[in-house]
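Visitor:
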Amino acid sequence: MSKTKLTELTIKEAARLLRLRSFSAAELVTAHAEQIERLDHRVKAFLRFTPELWEKQAEEADRRIARGDLGPLVGIPMAVKDVLCVRGVETTAGSRILSGFRPPYTGTAISRLFAAGAVMLGVTNCDEFAMGSSTENSGYHPTHNPWDLDRVPGGSSGGSAAAVAAGEAMIALGTDTGGSIRQPAALCGVVGMKPTYGRVSRYGLIAFASSLDQIGPFTRSVEDTAIVLDAMAGHDPLDATSSTRPNDVLRDFDAGVKGMRLGVPREYYDVEGIEPAVKAAIDTAIKSLRDAGAEIVDVTLPHTDYGLAAYYIIAPAECSSNLARFDGVRYGFCQDGQNITESYERTRRKGFGTEVRRRVMLGTYALSSGYYDAYYLKAQKVRTLIKRDFDAAFERCDAIISATSPTVAFPIGAKTKNPLSMYLCDVLTLGGNLAGLPGISVPCGMTDEVLPVGLQVLAPQWREDVALRVARAYEVASGVKAEVAPLV
Amino acid sequence: MLARIGLEPGDVEFYAEQLSGILAHIDRLKELDTDAIPPTAQVVEVANTLREDVPRPGLSQAEALANAPAAVDGFFRVPSIQDEA
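Chains as they are written, first to last, in the numbering used here: chain A, 791 to 1278; chain B, 69 to 153.
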C-alpha cells in the first residue's frame, strides 16, 4: 500500500489493517510524519512536534499488536490542541504568556487515549486561550485551511481541524466552549464533536470558561468519532464536574433515523448572515434524512437572538477569573516591574494578545461590584431561558439539525477588524454550550468554490448516542464522506 | 485596574471603541423580563461533589518550581509587594 494512502485511512480501516500486519504502527506514524513534512509549512496546523513520544508509543503499539491486542486505537496517530497538558511537552494555550511551560502532569482524557494506544504527533495551533473563531488570534501564527490556503480553518481549534483535513493526523483533539470544535470541523470538512458538559474530564485542560468548556475529537468519520469519544469519556474523580453516568455513546449507533423526529429550528434555519450556498447544502441534507425515514419537524428556539449576548458576558467573566493566574510568577513569561502590581500589568500587557485582553477586560467589568447584577447575573438568567428553549424543543423532536456555521471558510483577515463580526460565527453553536448539550458537525457537501459545509446535530443532555446515530445515518444515506484535502 | 493589564498609549481609544460596540450588543438582554427566572450557574445535574478528606501525593517542590521564571531557595521570586505607591 502506498504511503500516501495510509494518511487517508479512517481509524477503523487503519486498525483493521494494522491487525492484518499490512503495515506496522511505526510505518503508519512515519507516513504521517512525512505528510506533515510535505505540507505543514503551508498549512501550519502544528506548533510543535513530539518525535520522542511518537517513536516510543509506536514501538509499544507494535508490541501490543504482536501480542494480539485488539484495541481500536492502538497505533493511531493523534494531534493535540495546545490547551491540553501532556507531561513534559511544551504547552502554551496558543499564547506567548505560557511560552516554555512544560506541564508536570498529563490530563485525564489524553491519558486514557495514550492507555488505549494512541500515538502523539505533536501540538496543534489554536486561538489564544481558545478565544476566537478563526485561529488568527494565535500568539504564534495563523493556520491555513487545507481546502483553500488563503482562508481560515475556523477556530479556536483550527490547527486540529486542519491537521485532520490535511491527512496529517487521524485523530486531533480540540476543545469547544462556544463552538470551537464544531465550527472548524464544518469549515475544514471533517467530523467534530462536543460532548455533553461533564461527559469528558476537564482535568488537564487549560481553562477558558469553566461552565462551558469541553474536550472532543476531530476525525474523518462518525464511527471514528464514536470510538475516540468512547475511549475518553467517563467519570474522573479529578474533575468535580465530571458525571458518573455510564458511558453509552455507542448505543444504537447503526439503527438509522427511520421513525426519528428531527427538529429544524426556524431561528437557526433563517439566521442572519447565513450564506445561500450553506442554506442549499443544509436543504439537501434535510432531504437525505427525510428520504432515510426521518420525520422533519419545525421547532422554535425563541431566545436565539439573545444567545450571543449571554455568551459574551458569561464566557469573558469566567475567563477573567481563570486567566488571573497568568501573572509571570509560577510559570511562563514574565516582564518585571518596579513592584508586584507593575510586574503583573506589564507581564499581562505583553504576554496576552488583543482578543484575550479584550475578553478579560469585558469579564472583569461584568463581574465588578455595581455591574454584577446587570451583566453576569442577568446573563445567567438568560442562560436558563435558552436551556428551557431546548428542553421545550426536545419535547417535539429527538434531535435538532441545522447548519454548524452560517458561512463557509472566510479569507484570512476578513473579520479581524470587527470583533462582533467574528463572534457571529458562533451563533449556531454557542446555544449548545449554554445548554450543555452534545453536538456534532459532519460534512454535508461542498460549495461551487469547493469549500466545505457542515451539518450540526444537537441532542439532549447525555444523549451523545442520539447525535452520533443521526450523524451516522446521514453519512450513510448521503454518501458524503470527510476527505483529505487535495494539497500537493 | 482589576484586570491587572497594563495600558499603553492608544490602548484606551482602541479598546473603548470595540468594547462599546460589544456592550451595545449585550444591552439587548435588557429587553427580557427575567425577574422570575432563576440563574443557571451549572447547566448539568452535578453538584457539590465531595471526596474523603484523605491526603494524596501532590507535586514535589522541584516539580512545582520547574516552570518558574525566577526561583530562589525553594521560593517563587517576585518584585516587592510592600513598596507599592
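For glycine and all other residues, C-beta sits at the position ideal for the given N, C-alpha and C. All values reported here derive from a predicted model rather than from experimental measurement.
So A:S1195 and A:G1244 are in contact, right, with Cβ under 8 Å, and what is the actual spacing, rounded?
Guide: Yes, they are in contact, since the Cβ atoms of A:S1195 and A:G1244 sit about 6 Å apart, within 8 Å.
Visitor: Is there at least one non-hydrogen atom of the ligand ATP closer than 8 Å to the beta-carbon of A:E880?
Guide: Summarising the ligand content, the structure contains no ligands, and the ligand ATP is consequently not present.
Visitor: Skipping 5 residues on each side, what residues in its chain have a beta carbon closer than 6 Å to that of A:T1015?
Guide: Excluding positions up to five away in sequence, the list reads V981, M983, P1007, T1009.
Visitor: Which word fits B:N116, buried or exposed, when buried means at least 16 other C-beta atoms lie within 10 angstroms of its C-beta?
Guide: Flag for B:N116 reads exposed.
Visitor: Anyone know if the C-beta pair for A:R854 and A:L939 falls short of 9 Å?
Guide: In this structure, A:L939 does not lie closer than 9 Å to A:R854 by Cβ.
Visitor: According to the Cβ coordinates, are A:A869 and A:G907 closer than 9 Å?
Guide: The answer is no: Cβ separation not under 9 Å.
Visitor: Go ahead and pull the three-state DSSP assignment for A:D966.
Guide: Here A:D966 sits in strand by DSSP.
Visitor: With a Cβ-Cβ cutoff of 9 Å, do A:V1068 and A:I1191 count as a contact?
Guide: Not closer than 9 Å, so no.
Visitor: Establish whether the CB of B:E81 and some CB of chain A are separated by less than 9 Å.
Guide: False, the Cβ-Cβ gap to chain A never drops below 9 Å.
Visitor: Flag this pair as yes or no: are the beta carbons of A:A920 and A:T967 separated by less than 9 Å?
Guide: Their beta carbons are under 9 Å apart, which means A:A920 touches A:T967 by this criterion.
Visitor: Do A:T1094 and A:G1235 have their CB atoms nearer than 9 Å?
Guide: No, the Cβ-Cβ distance between A:T1094 and A:G1235 is not below 9 Å.
Visitor: Can you name the residues of chain B whose CB is closer than 8 Å to the CB of A:P1027?
Guide: Residues of chain B passing the Cβ test: R119.
Visitor: Along the chain, where does the alpha helix (DSSP H) that runs through A:M1151 open and close?
Guide: Unbroken alpha helix (DSSP H) run through A:M1151: 1144–1157.
Visitor: For A:Q1246, which beta-bridge partners are listed by DSSP?
Guide: Paired residue(s): A:S1192, A:S1231.
Visitor: What are the residues of the region 103–133 of chain B that lie near chain A, defined by any Cβ-Cβ distance shorter than 7 Å?
Guide: Of all residues in the region 103–133 of chain B, I105, P106, P107, T108, A109, Q110, V111, V112, V114, T117, R119, L127, E131 have a Cβ within less than 7 Å of some Cβ in chain A.
Visitor: Please determine, among A:K795, A:R941, A:I996, the residue with the shortest C-alpha to C-alpha distance to A:P1201.
Guide: Answer by Cα proximity: A:R941.
Visitor: Verify whether the separation of the beta carbon atoms of A:L1002 and A:I1104 is less than 9 Å.
Guide: Cβ distance < 9 Å, so A:L1002 and A:I1104 count as in contact.
Visitor: Any residues in the region 86–98 of chain B with a beta carbon nearer than 7 Å to a beta carbon of chain A? Which ones, in chain order?
Guide: Result list: Q86, L87, G89, I90, H93, I94, R96, L97.
Visitor: Can you tell me whether DSSP reads A:G982 as helix, strand or coil?
Guide: Three-state result, A:G982: strand.
Visitor: Where does B:I149 land, buried or exposed, given buried means 16+ other C-beta within 10 angstroms?
Guide: The residue is exposed, with fewer than 16 neighbouring Cβ atoms inside 10 Å.
Visitor: Quick one: using the 10 Å Cβ neighbour count with 16 as the cut-off for buried, is A:I1020 buried or exposed?
Guide: The sequence given here places Asp at residue 1020 of chain A; Ile does not occur at that position. It counts as buried.
Visitor: Taking Cβ positions, are A:P985 and A:A952 nearer each other than 9 Å?
Guide: In this structure, A:A952 does not lie closer than 9 Å to A:P985 by Cβ.
Visitor: Should the region 832–842 of chain A be regarded as contacting the region 925–934 of chain A, the criterion being three or more beta carbon pairs within less than 8 Å?
Guide: Yes, since at least three Cβ pairs between the region 832–842 of chain A and the region 925–934 of chain A fall closer than 8 Å, the two stretches touch.
Visitor: If you count every other CB in all the chains shown that lies within 10 Å of the CB of B:V122, and 16 or more means buried, which is it?
Guide: Exposed, since its Cβ has fewer than 16 Cβ neighbours within 10 Å.
Visitor: What does the Cβ neighbour count give for B:V140, buried or exposed, with the cut at 16 atoms within 10 Å?
Guide: Exposed, by the Cβ-count rule.
Visitor: If I follow the unbroken beta strand (DSSP E) through A:G890, where does it start and stop?
Guide: Neither: A:G890 is in no beta strand (DSSP E) and is coded neither H nor E.
Visitor: Name the chain A residues that come within less than 8 Å of B:F143, Cβ to Cβ?
Guide: Ordered by position in chain A, no residue passes the 8 Å Cβ test against B:F143, which lies about 11 Å from the chain.
Visitor: For A:Y1162 and A:T800, I'd like the C-alpha separation in whole angstroms.
Guide: In a straight line, the C-alpha of A:Y1162 is about 48 Å away from that of A:T800.
Visitor: Can you have a look at A:A905 and say buried or exposed, based on whether 16 or more other CB atoms are within 10 angstroms of its CB?
Guide: Under this definition A:A905 is an exposed residue.
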